[in-house]
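10 is the number of the first residue of the sequence shown in our numbering; add one for each residue after it.
Here is the structure we will look at.
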Amino acid sequence: MTQATPTVPNESGAAYRADTNAARSALLNHHKGSTAPTYAEAGILWLDDTATPWLMKMYDGADWITFGAVNATTNVFTPDLDTDGTLADNSDVKVASQKAVKTYANNAASRLRRAKPKVACIGSSYTQQNTVQSSGTTLYKESRSWTDWWNILTGNSLNMDVYLDASDPLSRGFSGANFGVSSEDSTDILARIPDVIAAKPDVCLVQSGSNNVNAPTTVIADVKASMLLLYNAGIIGVYMGISFRGSASWDAENMQQASYINATIARWLADNGYGIYIDTNKYLCDFDTALGTPYAGALYTDSIHYVTWSGFQIGRMLHENITPLLSFNSAEVTGNADAYDATNNPYGNVWPNPLISINANIASAQGYVGTGVTAGTGSQATSVGRSMMVERNSGTSTGVANVETRGAGKGNWQTLVTTPVGSATSLFLLRSNGSDMTHGLAAGTWVRIGCDVDISTFGTDPLNSGFQNISLYVDLRSSSASVGRIITMHQYSSIPLPNIAWNGRIESPPFQVPATCDRFRTRLEVEVDDTADGIGTAKLGSIYIRPCPDPTLIW
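Right, dumping it as structure tokens:
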């Protein structure tokens, strides 16, 4: 310690010299010591050496203000933030912060230049239920899948691939973009955020906190930590809030806790810019009620999980709010010139009639494509390989097949105009003439199938469009049997589509061609509610089956 008052008293020469030297020494070492100098005045500097590193402080007349730390071992000075949070432009701390921000911006920008932005999702059952694996051979996305609805409405412009994976350590049977695990709480989800980061998505949708909503302090801390990890990795995090449950599952206190958590995270994200907040309750709940409870029919009978209507609403909300932030290349071409060839066009289209061309030899009695052709019932002929067919597979509703021009370069729509008749449901199939399509692809090839659709709405029930469901089926077949199945928009628990018109591109998850599969059986299944009012129209166009990159290398 070297401290001495700079005020020298009137004294003899030797004493005066000693006091003067002590005062000068104190000025040179900034009054270094473990206690504050007793003679301090506003503006004096003090080097507090109570601990390592030493702290440089200034007295403002009332308090000592720390403005930096001196580490005599590493010879590093680290400035402290002042009260308005600013630093000198050349400070080590600020330069480090600037580098971190630049790294984040560079990572995010470089990833969003991809043709299809990679989008991952993580959460509990709300998230996992976007994808379903069954019996090790069937993979499908249900009609309540909010991720699938978002992708459909973008024209399938997102990379949200999932794929069959029997070795999945979480026993879900699939891997890829969906990191949802049923029953997990916010702490469990936080622990798996590094798995998402390792996949390097551009965007991650986060559903966290529903299963431990009664511990709001924990949920808030976990969600903040999750969003910060994504932010620091250059990933756009989208916190979707906690979805309200029905009264059969939650009481008033749970609803209030969820509201508090959502509001706290929303404000924190808005104030700090660490991600985006999307409120899943926006379209699902009646906020004229005391607690903003979900609309009747918005949740399944367990009073917890989504149904088709709510999955669509969330997908639409993501499309309206997040899609504009992303950049896309144009969609893949689906035309006659894009034919598959193992040598010259290995990612080409295997489907023989991608733009639904017309063949004059169509037999109208069997419901083939034409104008005003009544959909026939029963087996189809196999003589006209490039025609399309509309077939009523079961039920009593009437259906009429038409061809409608889409526009230059887009080919035709194969349409089904249906009038409900009866008391149950009717199933119509829109498919290529000929049950099975021999594909010629090597075993192990990764493949996806997709098609453009345009769906009208009819009837008066907002939860029932009159169409029970629109599903894209791919049966993987040998010459005599099915060896697997891929389904997109598999109907969930007999719940109909919402009474909202929509259009987009339905696409299957990627799948590998089994060694025993030499042909595909594909169709768009349109199920009609025989008791609905009015007339509905479903349109099918731009169809493709094409090899695709190995998703295990992407995800």
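Ideal placement from N, C-alpha and C gives every residue a C-beta, glycine not left out.
Verify whether the separation of the beta carbon atoms of residue i and residue j is less than 8 Å.
i, j, result
"ILE285", "LEU293", "no"
"ASN168", "LYS125", "yes"
"ARG565", "ILE131", "Since the first residue of the chain shown is 10 and the last is 564, residue 565 is not available in this structure."
"LEU436", "ILE479", "no"
"SER252", "ASN290", "yes"
"TRP564", "PHE321", "no"
"GLY185", "TYR172", "yes"
"GLN423", "MET446", "no"
"ILE274", "LEU238", "no"
"PRO325", "LEU214", "Contrary to the premise, residue 325 reads as Arg rather than Pro in this sequence. No. Outside cutoff."
"GLY459", "TYR553", "yes"
"HIS499", "TYR283", "no"
"ASP204", "LYS127", "no"
"ARG555", "ASN358", "yes"
"TRP62", "GLN12", "Checking the sequence, you will find Pro at residue 62 rather than Trp. No, they are not a contact pair."
"ALA272", "LEU300", "no"
Looking only at its chain, what residues have a beta carbon closer than 7 Å to the beta carbon of residue i, apart from the 5 residues adjacent to it on each side?
i, result
"GLY468", "SER474, GLY475, ASN508, ALA541, ASP542, GLY543"
"ALA175", "GLY145, GLY182"
"THR428", "SER406, THR407, ILE544"
Apart from the five residues on each side of it in sequence, which residues of its chain come closer than 6 Å, Cβ to Cβ, to residue i?
i, result
"TYR315", "ARG153"
"VAL426", "VAL409, THR546"
"ARG532", "LEU438, ARG440, TYR482"
"ASN512", "ASP463"
"ALA433", "ASP539"
"ASP177", "SER184"
"SER465", "ALA510, GLY545, THR546"
"GLY306", "LEU472"
"THR561", "none"
"LEU64", "ASP57, THR75, ALA78"
Could you tell me the alpha carbon to alpha carbon distance between residue i and residue j, rounded to whole angstroms?
i, j, result
"THR44", "THR59", "8 Å"
"GLY250", "PRO471", "25 Å"
"TYR349", "GLU341", "14 Å"
"LEU334", "VAL247", "12 Å"
"ILE287", "ARG276", "12 Å"
"THR454", "ASN402", "31 Å"
"SER491", "ALA524", "12 Å"
"ARG486", "ARG494", "9 Å"
"ALA234", "ASN263", "22 Å"
"GLY550", "PRO363", "8 Å"
"GLY344", "ALA242", "39 Å"
"GLY607", "PRO225", "With the chain covering 10 to 564 only, the question about residue 607 has no answer from this structure."
"THR317", "ASN411", "28 Å"
"GLU151", "PHE188", "16 Å"
"CYS566", "GLY404", "Shown here, the chain extends from 10 to 564; a query on residue 566 therefore has no answer."
"ASN281", "ASP295", "30 Å"
"TYR240", "SER319", "28 Å"
"SER258", "ALA452", "48 Å"
"SER388", "VAL399", "Low per-residue confidence applies at SER388: pLDDT is 42, beneath 50, and the placement is therefore not dependable, though the value from the model is reported in the following sentence. Roughly 11 Å separates the two Cα atoms."
"VAL190", "SER180", "9 Å"
"THR140", "ALA129", "13 Å"
"CYS526", "ASP559", "18 Å"
Going by beta carbon distance, what residues of the same chain come within less than 8 Å of residue i, once the five residues before and after it are set aside?
i, result
"MET67", "GLY52, ILE53, LEU54, TRP55, TRP73, ILE74, PHE76"
"LYS419", "LEU364, GLY550, SER551"
"ALA50", "Reading off the sequence shown, one finds Glu at residue 50, where the question assumed Ala. Cβ within range, chain order: TYR68, GLY70."
"HIS39", "LEU54, TRP55, LEU56, MET65"
Using the three-state DSSP reduction, which class does residue i fall into: helix, strand or coil?
i, result
"ASP197", "helix"
"PRO46", "coil"
"MET264", "helix"
"HIS328", "helix"
"SER489", "coil"
"MET236", "helix"
"GLN521", "strand"
"TRP159", "helix"
"PHE321", "helix"
"GLN137", "helix"
"PRO303", "strand"
"ASN165", "coil"
"ASP288", "coil"
"THR92", "Because the pLDDT of THR92 is 44, which lies under 50, any placement of that residue in the model is unreliable, and the number read from its coordinates should be weighed accordingly. Looking at THR92 - three-state DSSP - the assignment turns out to be coil, as it is neither helix nor strand."
"PRO37", "The sequence as given places Leu at residue 37; Pro does not occur at that position. Reduced to three states, the DSSP call for LEU37 is helix."
"ARG276", "helix"
"SER219", "helix"
"THR561", "helix"
Answer yes or no: the CB of residue i versus the heavy atoms of the ligand FAD, is any distance below 7 Å?
i, result
"SER441", "Of the ligands one can find in the structure shown there are none, so the ligand FAD has no counterpart to examine."
Distance cutoff 8 Å, beta carbons only. Does residue i sit that close to anything in chain C?
i, result
"GLY182", "Looking for chain C here will not work: only one protein chain is present."
Exercise for the section: Determine contact between the segment 321-330 and the segment 518-527, defined as no fewer than three beta-carbon pairs at a distance below 8 Å. Expected result: Too few Cβ pairs lie closer than 8 Å, so no.
Practice task
Answer yes if the segment 262-269 comes into contact with the segment 188-196, meaning at least three C-beta pairs across the two stretches below 8 Å, and no otherwise.
Solution key: No contact exists between the segment 188-196 and the segment 262-269.
Exercise for the section: Determine, using beta-carbon pairs with one atom in the segment 133-140 and one in the segment 209-224, whether at least three such pairs fall under 8 Å. Expected result: Verdict: yes, contact present.
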